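Visitor: In our numbering, the protein residues as written are 89 to 223.
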Amino acid sequence: MASPSVELQTLIFDALVADADVGALVGDRIYDGVPEEPTFPYLSFGPSDWSEENADCITARREAVQIDCWTRDSRRLWKVKEIADAVYAALHLYEGAMPTHALAQMEVTRVQVMPDPDGETAHAVVTVEARVEVN
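1) Who are the near neighbours of Gly-111 in its chain, counting only those whose CB is closer than 8 Å to its CB and skipping five residues on each side?
2) Would you report the Cα separation of Ala-90 and Ser-162, rounded to the nearest angstrom?
3) Does DSSP put Pro-92 in a helix, a strand or coil?
4) Please identify the residue among Pro-129, Val-220, Asp-137, Arg-219 whose C-alpha is closest to the C-alpha of Leu-165.
5) Three-state secondary structure (DSSP) at Val-110?
6) Judging by CA-CA distance, which residue of Trp-138, Ile-171, Tyr-182, Glu-141 is the nearest neighbour of Gln-200?
7) From which residue to which residue does the alpha helix (DSSP H) around Ala-178 run?
8) Round the Cβ separation of Glu-151 and Leu-96 to the nearest angstrom and send it over; I've been treating them as touching at under 8 Å.
9) Of the residues Leu-113, Phe-133, Val-114, Gly-115, which one's Cα is nearest the Cα of Gly-121?
10) Within the same chain, show all residues whose beta-carbon is closer than 7 Å to that of Leu-179, passing over the 5 residues directly before and after it, in chain order.
11) Return the first residue and the last residue of the beta strand (DSSP E) that Ala-185 is part of.
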């Protein structure tokens, strides 16, 4: 059986790559496994988790996926906020198709912006939650 988590991450990745506003801000720098010396700005997949959310005759899960946005502009936050807003617009209430499982609902539930302790980097965390029906 195909992994619902892998299918969801692929769906999110494809939605981000296809979005013109995200592309204008980060290009093709959307990583699952950041290169050793990445070019800024970029997006990366962070932690994810899921829990069962079954209903009558439906096997489902609620899965949370973290998308990290990274910029380097003397710790100024405006650019990373712009990227986080573009990620939000691309993913909130997105209705895409998964090959094996069914996306019932996807929404962005939280966006957090902060300076990184390195003194140069700004970081935004975009939390995406999805209800996936497992087939």
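We treat Cβ as the ideally placed atom computed from N, Cα and C, and that holds for glycine. In this text, all values refer to a predicted model and were calculated from it rather than measured experimentally.
Guide: Here's the rundown:
1) Val-105
2) 43 Å
3) Of the three classes helix, strand and coil, the one that applies to Pro-92 here is helix, per DSSP.
4) Pro-129
5) helix
6) For Gln-200, the closest C-alpha among the options Trp-138, Ile-171, Tyr-182, Glu-141 is that of Ile-171.
7) 166–179
8) 6 Å
9) Phe-133
10) Ile-100, Ala-103, Met-194, Val-196, Val-216
11) Run containing Ala-185: none; DSSP gives neither H nor E here.
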